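Engineer:
Written as structure tokens, this is what we have:
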């Protein structure tokens, strides 16, 4: 995340914030977090699709994380160097998409978003309420998220201005140039000039 944040800060002069999802990073895990993590590892070890576990667990994480993100945005906008007058964008892939789709649908201060690499199961209905500009990244040969699933989530967004970035490669092979594309996307939609070549 620091690499992406660095590009947004130095390339366009944006402020950036990132918080650990519940049960991630240094945050304590609940018994539910532990059970779902164990179920994920069991599915992987058995060669089964991890999608059902990830979708279920990420939906729970999103319910916990969306209020935290809204409170974080409230706190950031109280800072004089940020304030309430500027545009707000959201960037999140994988779990960041699972949290970001319901956040963006509920949060009118966010005016542009970059998502990608997630199943549509519980997100598609909420994505239909998102009309702001969206850039969406997917991996064409993703071993976890079938191509059709990524395309279905992209299709679900109601935005009239949405862009699909489909890259060859597996799940963890998202090209680094997608971070540069996100900088240009935010510069275009949040009204900034790109200061460095990206």
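In the numbering used here, the protein residues as written are 578 to 775. Virtual Cβ for every residue (Gly too), placed ideally from N, Cα, C. Just so you know, these numbers come straight off a predicted model, no measurement behind them.
Measure the CB-CB distance between residue 714 and residue 744 and report whether it falls below 8 Å.
Structural biologist: Along the chain shown, one-based indexing puts residue 714 at 137. Along the chain shown, one-based indexing puts residue 744 at 167. Yes; because the gap between Cβ atoms is below 8 Å, this pair is in contact.
Engineer: Pick from 735, 613, 674: whose alpha carbon is nearest that of residue 630?
Structural biologist: Numbered from its first residue, the chain shown carries residue 630 at position 53. It is 613.
Engineer: Strictly by DSSP, which residues pair up with residue 687?
Structural biologist: Residue 687 sits at position 110 when you count from the first residue of the chain shown. Beta-bridge pairing links residue 687 to 665.
Engineer: Is it the case that the stretch 717-733 contacts the stretch 694-709, given that we only count it when at least three CB pairs across the two stretches are under 8 Å?
Structural biologist: They touch, by the three-pair rule.
Engineer: State buried or exposed for residue 658, treating a residue as buried only when at least 16 other CB atoms are found within 10 Å of its CB.
Structural biologist: Within the chain shown, residue 658 is the residue found at index 81, counting from 1. Residue 658 comes out exposed.
Engineer: Helix, strand or coil, according to DSSP, for residue 826 in the structure here?
Structural biologist: No information on residue 826 is available, as it lies outside the stretch 578 to 775 that the chain covers here.
Engineer: Of the choices 621, 611, 628, whose alpha-carbon is the least far from that of residue 675?
Structural biologist: What you label residue 675 is simply residue 98 of the chain shown in a count that begins at 1. Residue 675 has its Cα closest to that of 628, out of 621, 611, 628.
Engineer: Can you tell me where the alpha helix (DSSP H) with residue 640 in it begins and where it stops?
Structural biologist: To locate residue 640, count along the chain shown from 1; it is residue 63. Counting along the chain, the alpha helix (DSSP H) containing residue 640 begins and ends at 628-654.
Engineer: Within 8 Å, do at least three Cβ pairs link the stretch 648-664 to the stretch 704-719?
Structural biologist: No contact exists between the stretch 704-719 and the stretch 648-664.
Engineer: Determine contact between the stretch 754-765 and the stretch 580-590, defined as no fewer than three beta-carbon pairs at a distance below 8 Å.
Structural biologist: Touching, per the Cβ criterion.
Engineer: Count the other CB atoms, across all protein chains shown, that sit within 10 Å of the CB of residue 601; report buried if there are 16 or more and exposed otherwise.
Structural biologist: What you label residue 601 is simply residue 24 of the chain shown in a count that begins at 1. That one is exposed.
Engineer: In whole angstroms, what separates the C-alpha of residue 583 from that of residue 611?
Structural biologist: Taking the chain shown and counting its residues from 1, one reaches residue 583 at position 6. Taking the chain shown and counting its residues from 1, one reaches residue 611 at position 34. Those two C-alpha atoms are separated by around 32 Å.
Engineer: Cutting at 6 Å between CB atoms, please list the residues of its own chain near residue 739, excluding the five before and the five after it.
Structural biologist: Against the chain shown, residue 739 aligns to sequence position 162. These residues qualify, in order along the chain: 711.
Engineer: What's the gap between the Cα of residue 642 and the Cα of residue 632?
Structural biologist: On the chain shown, position 65 is the one that residue 642 refers to. On the chain shown, position 55 is the one that residue 632 refers to. Near 15 Å, if we compare the C-alpha coordinates of residue 632 and residue 642.
Engineer: What are the uninterrupted segments assigned as alpha helix (DSSP H) that are 4 or more residues long and contained completely in the stretch 683-734, given in chain order?
Structural biologist: Entirely contained in the stretch 683-734, the alpha helix (DSSP H) runs reaching 4 residues are, in chain order, 701-704, 724-733.
Engineer: So the beta strand (DSSP E) residue 740 belongs to, where does it begin and stop?
Structural biologist: As a position in the chain shown, residue 740 is number 163, starting the count at 1. Note, residue 740: beta strand (DSSP E), 739-744.
Engineer: By DSSP, does residue 601 sit in helix, in strand, or in coil?
Structural biologist: Within the chain shown, residue 601 is the residue found at index 24, counting from 1. DSSP places residue 601 in coil when its eight states are reduced to three.
Engineer: Could you tell me whether the Cβ atoms of residue 662 and residue 689 are closer together than 8 Å?
Structural biologist: If you number the chain shown from 1, residue 662 lands on position 85. If you number the chain shown from 1, residue 689 lands on position 112. Contact: no.
Engineer: Tell me the rounded alpha-carbon separation between residue 637 and residue 607.
Structural biologist: For the purposes of this step, residue 637 is taken as residue 60 along the chain shown, with counting starting at 1. For the purposes of this step, residue 607 is taken as residue 30 along the chain shown, with counting starting at 1. The alpha-carbon atoms of residue 637 and residue 607 are separated by roughly 12 Å.
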